[in-house]
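Numbering (our numbering), first residue to last: 25 to 289.
Shown next as structure tokens:
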């Protein structure tokens, strides 16, 4: 069966090779796909000539060898129904495979392609959220920013405070102060996690020591309703945390901090 393919789509799938060739590869590219006449190169020739079914077979062979470019191209072909039945879900699976086998720079390139409208991800909430997370791989602030995406329900993600807590905990262990503040507020308000004044006091107390935002006001409110036993428990948790956690990262520049809309993301 033959399919029509626009010049734009053809350029996109042929450019898929950039997804595996930039940056430091997560895994070494198989020698067979790196030399002239390898499955990927032959498949691209077939793709140009419109032999999509044969191209798919060879791209699959290369994809099985962790060729990120082939995996990305299969995603586009799957989404467009080129040589295979159109299937947006399967296309996303191929994009994820490609991301897993690409180096950091290639992952950014892939995210850029996806954000630009790669077939199979338009109007897909899960895909948009994944694209945003992918585009941040390798950044030190990745868990902090992803946590805020979940907390505020932005960047294509459905609001999920419980998921945000998990990401903020990862960021907290890397000494990202903004995650400490978020965790303190969420413990104090019982948002995404069971309300816990002791842990809220610990997190916000750490922030207050650094003069972060309104954390000192929150500490004062909590101390007005906490028992001596709770305050002692907070002090013990704080001491343990300081003994096992790196020095915190620098605070956001003055004027850039926005609690409500996530400028700290």
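A virtual CB, placed ideally from N, CA and C, is assigned to each residue, including glycine.
- Taking C-beta atoms under 8 Å as the contact rule, residue 236 and residue 205 qualify, at a distance of about 6 Å.
- With a cutoff of 8 Å on beta-carbon distance, residue 96 and residue 79 are scored as not near each other.
- When secondary structure is reduced to three states using DSSP, residue 267 falls in the helix class.
- CA-CA distance, residue 74 to residue 120, rounds to 26 Å.
- With 16 or more other Cβ atoms inside 10 Å of its own Cβ, residue 125 counts as buried.
- Following the DSSP letters along the chain, one finds residue 121 inside the alpha helix (DSSP H) bounded by residues 112 to 124.
- If the five residues before and after residue 257 are omitted, its C-beta is found closer than 8 Å to the C-beta atoms of 222, all from its own chain and listed in chain order.
- Straight across, the Cα-Cα distance linking residue 245 with residue 224 is about 11 Å.
- Here residue 189 is not near residue 202, since their CB atoms are 8 Å or more apart.
- Looking only at 99, 113, 230 and 70, the smallest Cα-Cα distance to residue 272 is reached by 230.
- A check of alpha carbon separations from residue 87 across 76, 104, 64 and 105 identifies 64 as the nearest.
- Taking the CA atoms as reference points, residue 104 sits about 27 Å from residue 182.
- DSSP, reduced to helix, strand and coil, places residue 100 within a helical segment of the structure shown.
- The closest CA to that of residue 117, considering only 195, 218, 186 and 98, is found on 98.
- Per DSSP, the continuous alpha helix (DSSP H) segment holding residue 66 begins and ends at 63 to 73.
- Distance from the Cα of residue 220 is smallest, within the candidate group 261, 177, 194 and 233, for 261.
- The C-beta of residue 218 has fewer than 16 other C-beta atoms within 10 Å across all chains shown, which makes the residue exposed.
- For residue 237, there is no enclosing alpha helix (DSSP H), as DSSP marks it with neither H nor E.
- Fully contained in the region 174 to 254 is no beta strand (DSSP E) run of length 3 or more.
- Excluding sequence positions up to five before and after residue 83, its CB lies within less than 6 Å of the CB of 67, 94, 97 and 98, all in the same chain and listed in chain order.
- Going by DSSP, residue 108 is part of no alpha helix (DSSP H) at all; its letter is neither H nor E.
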